[in-house]
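Working notes, structure below.
Number of protein chains: 2
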Amino acid sequence: MLIYERVSVIAILIKNAMVYRENNTISCGMTILIEENKILDITTNTDIINRFYDTHRLETDFDVIDAGGNLVMPGLVNTHTHSPMTLLRNIGSDLTLQEWLFGEIIPRECNLTPENIYYGSMAAQMEMMRSGTTCFCDMYEPFEMLTKAVIDSGMRANICTAGLHNDWSTGEKRTYETFDKSIELFKKYNKYNRLNIFFEMHSVYLYRQEWLYRIVECAKEYKTGIHMHLHETIKEIDDFMALNKGMRPTEFLEEIGAFDVKTVAAHCTHLSDNDIEILKKHDVNVAINMTSNLKLGSGIPPLTRLIDSGVNVTLGTDGCASNNNLNMFEEIHLAALLYKGLYQDPTLIKASQVVDMATKNGAHALCDVPCGTIAKGSMADMIIVDLSAIHLTPVNDINALICYSMQGSDVDTVIIDGKIVMKQKKFTSIDEEKIMHEVKKIKLHK
Amino acid sequence: MLIYERVSVIAILIKNAMVYRENNTISCGMTILIEENKILDITTNTDIINRFYDTHRLETDFDVIDAGGNLVMPGLVNTHTHSPMTLLRNIGSDLTLQEWLFGEIIPRECNLTPENIYYGSMAAQMEMMRSGTTCFCDMYEPFEMLTKAVIDSGMRANICTAGLHNDWSTGEKRTYETFDKSIELFKKYNKYNRLNIFFEMHSVYLYRQEWLYRIVECAKEYKTGIHMHLHETIKEIDDFMALNKGMRPTEFLEEIGAFDVKTVAAHCTHLSDNDIEILKKHDVNVAINMTSNLKLGSGIPPLTRLIDSGVNVTLGTDGCASNNNLNMFEEIHLAALLYKGLYQDPTLIKASQVVDMATKNGAHALCDVPCGTIAKGSMADMIIVDLSAIHLTPVNDINALICYSMQGSDVDTVIIDGKIVMKQKKFTSIDEEKIMHEVKKIKLHK
């Protein structure tokens, strides 16, 4: 497997930028200096800018971008998806959860090959970058294919190793359980600088309880976190309570120490006040997947209650089979709109809060490096949004513009880890045509 | 004012089209024949196609489009907006309705000039066409500026003449009431083939009751329809009931005969069972404005109940100050998603039903000509959607693709009334740069 290695210092200077700052305001006419994979400065000081030019202008890897007054904002962070499920886009829509999952999705997933999964993930990552996402949290199998796709795409990702593995070497798909392989994969890939590796705790309903204990042990031993599905449906909570003397999954997971490590808990569609208290007490990061929850009929996540309780709320798209796209601007749009109507109060959830959920809150959940803001010392993960479109004119209010008017297709340029991965809507190192060709070739049979 | 006149027969042949048919299925490899402003045929019959070539190939206004297997679907129909409010995009977001309307919006609207309004409407129409809308229902003032913008843009529109007029000739903005002018405008513009003119009945709260009676009389006398706001907020219903012995606005409007003519009732966010029965009984067309209702905290319209009752449900964006865009794909997305989550039932509201709401149901509400479907004899209003984007790959299910994956930016070409108004994302007769320049020049002060 090819691991991309930097051969020289990379530097980028972005001039004439409207910069979206940490405090949710904008500064116009700024110059952003990027060295290696970090933001060195955001400045108008010509001495600093000239010194940067002098240091870097002779390097081949020195890029100068004229933002032309357009918006430079932190890349979006998608905190829960199953990237290869792009291949299952739009299959089984508008069916019951049972018909969708067991009748349409799983029978097709069983026929996927590791190569299919690589291309499915590459397609997902292209879609995410195109619509402004620079970092995402993935959960799928086989792990090696996901990491290969992340390494090839240039994205930043949080990926989790699962204890369940398919034996892909034989035609027959036999699932086996082992943590030895998960740990081996963790050790092998955890050093790679754009990857942060967690352990997967799929859910209390899919994993046997002895496994849940084992995953907590592993996360503690290897000083990393856990990515889990939590309280997505009422059924999952009821079933667990029936088997566990009325204990709720969140209460059980607290008891076994699952929240003592860094956790990304996806969904949290149904939470009691005590559940929320537990999540807050242990700084659990909640990944809200609003489109998916709506589309599958799971419910409406208690976003306002989570915010009021001070929980770190982030946004995810979930997989493409239950969304059916990976465009974070749609999640932003929904988060900003839905609760105002639901509770008939237009002051609920400010646009700036939603921008934070989709950027710095998400980065806080997924990354072990400073990320998610355009600030000195932060990782250089950012997007340049072309503000020339008619639907972005006039701007009037930048936070409202991002939440209510902006579309994924407005993203012009994407920088991740100090590298320009998409420039004027063209990928710099991905062969888009090849990926599209491979994805279209895949025929999914039940 | 320039009224565009056709000087020769216009013909368009679209080959290699994936056609979205009236019955919500697709036919691939089709040829669509357009003559003047109507669809002559959708066929694979080479004799018919050759005859069409023979008849038209020598004409200068004969266009041949190779759709390259991409989707040709009916243009979207936006059944409620206030087009010039693009100028107020993103102003006063996340405030209470009172602060927003009286503190931010109206004080700025008072300073708009007729020229501002023309450019605001042109910007709106550009945004609508870019995102696939071919026909819309407008409510604003002055009427002459809206119609001029529609004539210049090439869109199909339903515009209503109001009894309230500003005296734009003086610096002072003095509103006066007269129906003579409305009737004069109706007579002058009703002959124009892309315009359908209704009378405006803004709402029961803004218009005095004697006026409501007068509007019904006018609509009956001139054999046209009424465009109104109806039951947008609970306050509007409660206030009316308090003044009218507990009678609800819908009951009152039925009593005065407002529903005996064709009606587009915007919002209908709060409806009793009896309200819905009245709307159904009189074939009232309901324009749901989901984003606006959510954003302003007005509530969630009872879409499932309206559908179950057989009411003609259509979709609108409302004005840009309460949305804050005019992208009908976002309304489609919301309509398909929201109720599944709200009622925890993923089978509620099928994707194909939502496509109908956004196309043929809307056309039925607004137009006095056959429209809203790709069918023989229909007006040639259609869009070509580029399916090559990664977020539309693989297709798998066309209705789900349109509802859950498609974005406004996927629209490549727009044909309205048999004329190509946007070709490969470029407007054919609008000077986009000039409109943008004029819109950006407008400074809105309170």
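Protein sequence lines, in the order shown, are assigned to chains B and D.
Quick note on the numbering used here: the first sequence kicks off at 3 and runs consecutively.
Quick note on the numbering used here: the second sequence kicks off at 3 and runs consecutively.
Glycine residues also receive a C-beta, built at the ideal position from the N, C-alpha and C atoms.
* Under 8 Å, do valine 74 of chain B and tyrosine 121 of chain B count as touching if we go by C-beta distance? -> No, these two residues do not count as a Cβ contact at 8 Å.
* Give the residues of chain B in contact with aspartate 96 of chain D, contact being defined as C-beta atoms less than 7 Å apart. => For aspartate 96 of chain D, the chain B residues whose Cβ falls inside 7 Å of its Cβ are Pro348, Thr349, Lys352, Ala353, in order along the chain.
* Could you pull out every residue in the same chain whose Cβ sits closer than 6 Å to the Cβ of valine 1 of chain D, ignoring the five residues on either side in sequence? => Since the first and last residues shown for chain D are 3 and 448, residue 1 of chain D lies out of range.
* **aspartate 399 of chain B at chain D interface by Cβ criterion, 8 Å** => At least one CB atom of chain D sits nearer than 8 Å to the CB of aspartate 399 of chain B.
* **6 Å CB neighbourhood of leucine 187 of chain B in its chain, flanking five on each side removed** => Apart from the 5 residues on each side of it in sequence, leucine 187 of chain B sits with its Cβ closer than 6 Å to the Cβ of Phe145, Thr163 in its chain, given in chain order.
* Nearest residue (CA-CA) to isoleucine 356 of chain D, options D/Ile119, D/Ile228, D/Ile199, D/Lys342 -> Residue identity check: residue 356 of chain D is valine in the sequence provided, not isoleucine. Nearest C-alpha to valine 356 of chain D: D/Lys342.
* **Beta-carbon proximity list for lysine 421 of chain D, same chain, < 7 Å, skipping 5 on both sides** => Here the set comprises Ile12, Gly156.
* To do: Report buried or exposed for arginine 8 of chain B, applying the criterion of at least 16 other Cβ atoms within 10 angstroms of its Cβ.
  => Any answer about arginine 8 of chain B is weak, because its pLDDT of 43 lies below 50 and its placement is not dependable; what the coordinates show is given next. Taking every protein chain shown into account, the CB of arginine 8 of chain B has fewer than 16 other CB atoms within 10 angstroms, so this residue is exposed.
* Using a Cβ-Cβ cut-off of less than 9 Å, give me the residues of the stretch 416 to 443 of chain B that come near chain D, in sequence order. => Those residues of the stretch 416 to 443 of chain B that come within reach of chain D (Cβ to Cβ, closer than 9 Å) are Glu434, Ile437, Met438, Val441, Lys442.
* Asked: Expressed to the nearest angstrom, what Euclidean distance is found between the alpha-carbon atoms of glutamate 333 of chain B and lysine 225 of chain D?
  -> Glutamate 333 of chain B and lysine 225 of chain D have their C-alpha atoms some 45 Å from each other.
* DSSP three-state assignment for isoleucine 302 of chain D, whether helix, strand or coil -> If DSSP states are grouped into helix, strand and coil, isoleucine 302 of chain D belongs with coil.
* Asked: Any C-beta of chain D sitting closer than 8 Å to the C-beta of isoleucine 239 of chain B?
  -> Closer than 8 Å: no.
* Asked: For valine 416 of chain D, does the three-state DSSP call read helix, strand or coil?
  -> Annotated three-state conformation of valine 416 of chain D is strand, per DSSP.
* Taking C-beta to C-beta, are histidine 272 of chain B and isoleucine 309 of chain B nearer than 8 Å? -> Using a Cβ distance threshold of 8 Å, histidine 272 of chain B and isoleucine 309 of chain B do not count as a contacting pair.
* **Residue range of the unbroken alpha helix (DSSP H) whose run includes alanine 221 of chain D** => Note, alanine 221 of chain D: alpha helix (DSSP H), 211 to 223.
* Compare the C-beta of glutamate 7 of chain D against all C-beta atoms of chain B and say whether one is closer than 8 Å. => Caution is warranted here: a pLDDT of 42 is assigned to glutamate 7 of chain D, below 50, making its placement in the model unreliable, and no coordinate value can be reported.
* Asked: Excluding five sequence neighbours on each side, which residues of the same chain lie with their C-beta closer than 7 Å to the C-beta of methionine 359 of chain B?
  -> Here the set comprises Val315, Thr316, Leu317, Ala337.
* Is any beta-carbon of chain B found at less than 8 Å from that of serine 407 of chain D? -> Chain B contact via Cβ: present.
* Among the residues of its own chain, which have a CB less than 6 Å from the CB of isoleucine 36 of chain B, if the five just before and after it don't count? -> Sequence-distant partners of isoleucine 36 of chain B (beyond 5 residues in either direction) whose C-beta falls short of 6 Å from its own C-beta, in its chain, are Ile14, Ala382, Gly420.
* To do: Please classify cysteine 139 of chain D: does DSSP put it in a helix, a strand, or coil?
  => Three-state result, cysteine 139 of chain D: strand.
* To do: Could you tell me how far apart the beta carbons of isoleucine 93 of chain B and aspartate 399 of chain D are, in whole angstroms, since I believe they sit closer than 8 Å?
  => With 8 Å as the limit, isoleucine 93 of chain B and aspartate 399 of chain D qualify as a contact, their Cβ atoms being about 7 Å apart.
* In whole angstroms, what separates the C-alpha of threonine 235 of chain B from that of phenylalanine 254 of chain B? -> Rounded to the nearest angstrom, the two C-alpha atoms are 17 Å apart.
* To do: Assign threonine 163 of chain B to one of three DSSP states: helix, strand, or coil.
  => Correct three-state label for threonine 163 of chain B: strand.
* Euclidean distance between Cα positions of threonine 98 of chain B and aspartate 63 of chain B -> In a straight line, the C-alpha of threonine 98 of chain B is about 52 Å away from that of aspartate 63 of chain B.
* Mind checking if histidine 393 of chain B is an interface residue toward chain D, Cβ cutoff 8 Å exclusive? -> Answer yes: the Cβ-Cβ gap between histidine 393 of chain B and chain D drops below 8 Å somewhere.
* To do: Answer with yes or no whether the minimum CB distance from proline 109 of chain B to chain D is below 8 Å.
  => By the rule that beta-carbons nearer than 8 Å mark a contact, proline 109 of chain B does not touch chain D.
* Asked: What does alanine 125 of chain D touch in chain B if you count any residue whose Cβ is under 8 Å from its own?
  -> What alanine 125 of chain D touches in chain B, judged by beta-carbon distance under 8 Å, is Ile392, Thr395, going in chain order.
* At least three beta-carbon pairs within less than 8 Å, the stretch 362 to 376 of chain D to the stretch 54 to 63 of chain B -> At 8 Å Cβ cutoff, the stretches do not touch.
* To do: Please determine, among D/Asn26, D/Leu78, D/Met124, the residue with the shortest C-alpha to C-alpha distance to aspartate 433 of chain D.
  => Ranked by Cα distance from aspartate 433 of chain D, the first of D/Asn26, D/Leu78, D/Met124 is D/Met124.
* Exposed unless 16 or more other CB atoms sit within 10 angstroms - verdict on threonine 180 of chain D -> An exposed status is given to threonine 180 of chain D, since fewer than 16 other beta-carbon atoms sit within 10 Å of its beta-carbon.
* Helix or strand or just coil, what does DSSP make of phenylalanine 429 of chain D? -> Note: phenylalanine 429 of chain D maps to strand in three-state DSSP.
* Which runs of the alpha helix (DSSP H) fall wholly inside the stretch 276 to 342 of chain B and span at least 4 residues, in chain order? -> 292 to 297, 305 to 310, all fully within the stretch 276 to 342 of chain B.
* Residue range of the unbroken alpha helix (DSSP H) whose run includes glycine 122 of chain B -> It spans 116 to 132 - the alpha helix (DSSP H) in which glycine 122 of chain B sits, taken as one unbroken run.
* To do: Please check if any C-beta of chain B sits within less than 8 Å of the C-beta of methionine 3 of chain D.
  => With a pLDDT of 34 at methionine 3 of chain D, under the threshold of 50, the modelled position of that residue is not reliable, and no figure is offered here.
* Could I get the ranges of all uninterrupted alpha helix (DSSP H) runs contained in the stretch 45 to 95 of chain B, with 4 residues as the minimum, in chain order? => Correct list: 48 to 58.
* Asked: In the stretch 127 to 154 of chain B, which residues sit with their C-beta less than 8 Å from some C-beta in chain D, listed in chain order?
  -> Flagged, chain order: Met128, Glu129, Arg132, Ser133.
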